[in-house]
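Peer 1:
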Amino acid sequence: MPYYESVFIARPDISAAQVGTLVESLTAIATENGGSVKKDEYWGLKTLTYKIKKNR
């Protein structure tokens, strides 16, 4: 089975606990649809190069 990478962008004003909850819910979606998460990494808060809906 091939491996796929995925990255998601969250709003910059959410807390670390909310990030954990978001990761858990996305992992649950993947497993419900026959996938699995082999590894996850928290990259921390990064600044985007350009604004998306007034968020950077």
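Under the numbering used here, the first residue of the sequence shown carries the number 11, and numbering increases by one thereafter.
Where a beta carbon is used, it is the ideal one built from N, C-alpha and C, also for glycine.
#1: Tell me which residue opens and which closes the alpha helix (DSSP H) that residue 33 is part of.
#2: Which residue wins for smallest C-alpha separation from residue 51, given the options 39, 29, 23 and 42?
#3: If contacts are defined as beta-carbon pairs under 8 Å, then residue 22 and residue 55 qualify, I think. What distance do you get, rounded to the angstrom?
#4: Are the beta-carbon atoms of residue 32 and residue 20 separated by less than 8 Å?
#5: Could you check the C-alpha separation between residue 53 and residue 39 for me, to the nearest Å?
Peer 2: This is what the structure holds:
#1: By one-based count along the sequence shown, residue 33 stands at place 23. Element bounds for residue 33: 26-42.
#2: The residue given as residue 51 occupies position 41 in the sequence shown. Per the Cα distances, 29.
#3: Residue 22 sits at position 12 when you count from the first residue of the sequence shown. Residue 55 sits at position 45 when you count from the first residue of the sequence shown. That pair is a contact at about 6 Å.
#4: Taking the first residue of the sequence shown as 1, we reach residue 32 at position 22. Taking the first residue of the sequence shown as 1, we reach residue 20 at position 10. For residue 32 and residue 20, yes; Cβs fall inside 8 Å.
#5: By 1-based counting over the sequence shown, the position of residue 53 is 43. By 1-based counting over the sequence shown, the position of residue 39 is 29. Roughly 21 Å separates the two Cα atoms.
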